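Before any comments, here is the structure.
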Amino acid sequence: MMHRTWVEISLESIAANYHALRRAAGVGVLVAPVVKADAYRHGAVQVARRLEAEGASWLAVSNSAEGVQLRDAGIGARILVMGGFLDCEREALAVFSLTPVIHSLATLRELNRYAVSRSAVLPVHLKIDTGMGRLGSRATCEEMIQSVREASHLRLEGLMTHFASASDFTTSQTSDQISAFEAAHQAFIRAGIVPELVHLSSSAPLAFGLKCAFGTMVRPGLALYGYVSPPAGRAPQLLLQVEPALMWKARILEVKEIDVDMPVGYGARWRTARASRIGVIAAGYADGLPHTLSNRGHVIAGGRIVPLAGAVSMDLSSVDLTDAPEVQAGDAVTLIGKEDDARYDAEDMAREAGIISYAVLCGIGNRVARVYVE
Ligand SMILES: *Cc1c(COP(=O)(O)O)cnc(C)c1O
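Read left to right, the sequence shown gives residues 62 to 435 (my numbering).
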């Protein structure tokens, strides 16, 4: 089967990354791999199945629909729903045994009323906003403890927070957040509420060995897919060895010879500086190739890094193949991945596009076929 554009995903690499994350977490710390956003476009069901086979007892998603998709596919692991939920999602949480993160005491009370009406006891994790300023409760410890006590039909299984600047070693924000969290955690313990799961860390704290932020569970996403964001400031030594699990390719539809000083593509943003061989590839911004790569991105063609020529358009983009004379129409170029010694990964693309690797991976569109390889 020939595809116009496709990703090749190695579940083997994801499994290896998962085991590297488990080693980094150490004994006694559960790893809850994050498979939200269709496993950062690696395919939530396939990734979740493999992780479950590798021993994962918890998975984390953003919303209830993502959890239901995994249950429908037969995933039996515990599933943490991290991104909040609307009233209309409560039923799905209960019916599909999805474990919600609670972000406010009002939601805690409402979910408790719902649990009472079902005569069920539901496990929940409570998220504290320790300084991120997004989701999470900003109530005082006394208010939180009081509300948890009153919630007769909820079992506080987990206490958690999330860091705003985990890769930034120029600020004290992470250590401030750890202190605020630890103070709250201790207040719960003093009140006789001992949550079994305590979790703060995504990929970055795990990758840089910030053990005081491991708690009893960690929630890595990006590192599972082989990336660690470049840190700012003086980061500790990177302890984690992970490898990208996804390559992205596109076919060359046509190659044409264009004279010197001629325009290429929308807005004539590229002018040939020499007589050029221009290849038109079957991928554009509708496939997730960032438009901001126009005139500045690169791809790998024939084992060499070559420039994108002109605007990335919706369905097509042009590449300068003048220095890759053997590359022909019908061949594939590599948008993310490696050929021989040439390497261009999602981090490289993100840097050139002025975005982050997360957005590159999550932006890979539905039109891009997915192929699983060893
Ligand atoms: C997405 C997410 C993670 C995973 O973050 P990575 O940086 O991809 O490891 C962890 N925790 C929460 C609450 C998240 O939303």
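We put the CB at the ideal spot given by N, CA and C, even for glycine. This structure is a prediction, so every number in the text was calculated from the model and none was measured.
- With 16 other Cβ atoms within 10 Å as the buried cut-off, status of residue 381: Within the sequence shown, the letter at position 320 stands for residue 381. Buried is the call here.
- Where do the N-terminal and C-terminal ends of the beta strand (DSSP E) with residue 499 fall, by residue? Lying outside 62 to 435, the shown extent of the chain, residue 499 is not represented and no answer is given.
- Roughly how many angstroms lie between the CA atoms of residue 293 and residue 309, to the nearest whole one? Locating residue 293 in the sequence shown gives position 232, where the first residue counts as 1. Locating residue 309 in the sequence shown gives position 248, where the first residue counts as 1. Between the alpha carbons of residue 293 and residue 309 lies a distance of about 28 Å.
- Message: Using a Cβ-based criterion (distance less than 7 Å to any ligand heavy atom), does residue 282 qualify as near ligand 1?
- Response: Your numbering for residue 282 matches position 221 in the sequence shown. Yes, Cβ of residue 282 sits closer than 7 Å to a heavy atom of ligand 1.
- 6 Å CB neighbourhood of residue 411 in its chain, flanking five on each side removed: Your numbering for residue 411 matches position 350 in the sequence shown. For residue 411, the CB contacts under 6 Å within the same chain, skipping 5 residues up- and downstream, are 417, 418 and 421 in chain order.
- Task: Keeping to the same chain, check which residues put their C-beta closer than 8 Å to that of residue 402; ignore five residues upstream and five downstream.
- Result: Start at 1 with the first residue of the sequence shown, and residue 402 comes out as number 341. Non-local C-beta neighbours of residue 402 in its own chain, meaning closer than 8 Å and more than five positions away in sequence, comprise 364, ordered along the chain.
- Message: Three Cβ pairs or more, each shorter than 8 Å: is that satisfied between the stretch 245 to 257 and the stretch 211 to 228?
- Response: Touching, yes.
- With DSSP as the reference, label residue 353 as helix, strand or coil. Position 292 of the sequence shown, counting from 1, holds the residue named residue 353. Correct three-state label for residue 353: helix.
- Do residue 130 and residue 106 come within 8 Å of each other at the CB atom, strictly closer than that value? As a working note, residue 106 is residue 45 in the sequence shown. As a working note, residue 130 is residue 69 in the sequence shown. Residue 130 sits close to residue 106, with the two beta carbons spaced by under 8 Å.
- Message: ligand 1 and residue 263: does the residue's C-beta get closer than 7 Å to at least one heavy atom of that ligand?
- Response: Walking along the sequence shown from the start, residue 263 turns up at place 202. Correct: residue 263 has its Cβ closer than 7 Å to ligand 1.
- Message: Assuming the contact rule is C-beta atoms closer than 8 Å, residue 300 and residue 289 should be a hit. Round their C-beta distance to whole Å, please.
- Response: If you number the sequence shown from 1, residue 300 lands on position 239. If you number the sequence shown from 1, residue 289 lands on position 228. That pair is no contact at about 10 Å.
- Query: If you draw a straight line from the alpha carbon of residue 349 to that of residue 424, how long is it in whole angstroms?
  - Reply: Stepping through the sequence shown from its first residue, residue 349 is reached at position 288. Stepping through the sequence shown from its first residue, residue 424 is reached at position 363. Taking the straight line joining both Cα atoms gives about 5 Å.
- Message: Restricting to Cα atoms, I'd like to know which of 317, 148, 79 and 241 is closest to residue 124.
- Response: Mapped onto the sequence shown, residue 124 falls at position 63. For residue 124, the nearest C-alpha among the options comes from 148.
- Item | Pairwise C-alpha distance: residue 248 and residue 173 | For this step, residue 173 is matched to residue 112 along the sequence shown. For this step, residue 248 is matched to residue 187 along the sequence shown. If I take the Cα positions, the gap works out to 22 Å.
- Leaving aside the five residues before and after residue 262 along the sequence, list all residues of the same chain whose C-beta is less than 8 Å from its C-beta, in chain order. Counted from its first residue, the sequence shown places residue 262 at position 201. Excluding its 5 nearest sequence neighbours in each direction, residue 262 has C-beta neighbours in its own chain below 8 Å: 224, 227, 271, 274, 275, 276, 279, 280 and 281, listed in chain order.
- Query: Any heavy atom of ligand 1 closer than 7 Å to the Cβ of residue 308?
  - Reply: For this step, residue 308 is matched to residue 247 along the sequence shown. Not so, every heavy atom of ligand 1 lies at least 7 Å from the Cβ.
- Could you pull out every residue in the same chain whose Cβ sits closer than 8 Å to the Cβ of residue 316, ignoring the five residues on either side in sequence? As a working mapping, residue 316 is identified with position 255 in the sequence shown. A distance below 8 Å between beta-carbons, with the five flanking residues on each side excluded, links residue 316 to the following residues of its chain, in chain order: 338, 339, 340, 341, 382, 388, 389 and 390.
- Mind checking who residue 97 pairs with in its DSSP beta bridge? Residue 97 sits at position 36 when you count from the first residue of the sequence shown. Assignment of beta-bridge partners to residue 97 by DSSP yields no partner.
- Item | Start-end ranges of the beta strand (DSSP E) lying completely within the stretch 298 to 351, minimum 3 residues | Runs of the beta strand (DSSP E) lying entirely within the stretch 298 to 351 and spanning at least 3 residues, in chain order: 307 to 319 and 337 to 342.
- Message: Going by DSSP in three states, residue 391 sits in which element: helix, strand or coil?
- Response: To locate residue 391, count along the sequence shown from 1; it is residue 330. The answer is coil: DSSP assigns residue 391 none of H, G, I, E or B.
- For residue 63, is the classification buried or exposed, using 16 other Cβ atoms within 10 angstroms of its Cβ as the cut-off for buried? One-based indexing of the sequence shown puts residue 63 at position 2. Per the 10 Å Cβ criterion, exposed.
- Under 8 Å between the Cβ atoms of residue 69 and residue 432? Your numbering for residue 69 matches position 8 in the sequence shown. Your numbering for residue 432 matches position 371 in the sequence shown. Taking 8 Å as the Cβ cut-off, residue 69 and residue 432 qualify as a contacting pair.
- Message: I want to check one thing, is the minimum distance from the CB of residue 97 to the heavy atoms of ligand 1 below 7 Å?
- Response: As a position in the sequence shown, residue 97 is number 36, starting the count at 1. At least one heavy atom of ligand 1 falls within 7 Å of the beta-carbon of residue 97.
- Tell me, which residues are paired with residue 80 by DSSP? Here residue 80 is taken as the residue at index 19 of the sequence shown, counted from 1. Residue 80 pairs with nothing; no bridge assigned.
- Query: Less than 8 Å separating the beta-carbons of residue 344 and residue 160?
  - Reply: For the purposes of this step, residue 344 is taken as the residue at position 283 of the sequence shown. For the purposes of this step, residue 160 is taken as the residue at position 99 of the sequence shown. Taking 8 Å as the Cβ cut-off, residue 344 and residue 160 do not qualify as a contacting pair.
- From residue 426 to residue 347, what does the alpha carbon distance come to, in whole angstroms? Taking the first residue of the sequence shown as 1, we reach residue 426 at position 365. Taking the first residue of the sequence shown as 1, we reach residue 347 at position 286. Distance between the alpha carbons of residue 426 and residue 347: 7 Å.
- Through-space distance from residue 175 to residue 239, alpha-carbon basis: Here residue 239 corresponds to residue number 178 of the sequence shown, with the count starting at 1. Here residue 175 corresponds to residue number 114 of the sequence shown, with the count starting at 1. Going by the C-alpha atoms only, they are around 33 Å apart.
- Item | Spatial distance of residue 305 from residue 195 (CA atoms) | The count along the sequence shown starts at 1 and reaches residue 305 at position 244. The count along the sequence shown starts at 1 and reaches residue 195 at position 134. One C-alpha to the other measures close to 29 Å.
- Query: Alpha carbon to alpha carbon, what distance is there between residue 134 and residue 99?
  - Reply: The count along the sequence shown starts at 1 and reaches residue 99 at position 38. The count along the sequence shown starts at 1 and reaches residue 134 at position 73. Their backbone Cα atoms lie some 13 Å apart in a straight line.
- Item | Heavy atom of ligand 1 within 7 Å of residue 164 beta-carbon | Translated into the one-based positions of the sequence shown, residue 164 becomes position 103. No, the Cβ of residue 164 stays beyond 7 Å of every heavy atom of ligand 1.
- Task: Within its chain, find whatever has a CB closer than 7 Å to the CB of residue 378; leave out the 5 residues flanking it on each side and keep chain order.
- Result: As a working note, residue 378 is residue 317 in the sequence shown. Same-chain partners within the cutoff: 342, 344, 345, 350 and 369.
- Query: Leaving out the 5 sequence neighbours to the left and right, which residues in its chain are closer than 6 Å to residue 267 when beta-carbon positions are compared?
  - Reply: Position 206 of the sequence shown, counting from 1, holds the residue named residue 267. Answer for residue 267: 85, 279 and 281, listed in chain order.
- Message: Closer than 7 Å to a non-hydrogen atom of ligand 1 - does that hold for the CB of residue 143?
- Response: Position 82 of the sequence shown, counting from 1, holds the residue named residue 143. Taking the Cβ of residue 143 as the reference point, at least one heavy atom of ligand 1 falls within a distance shorter than 7 Å.
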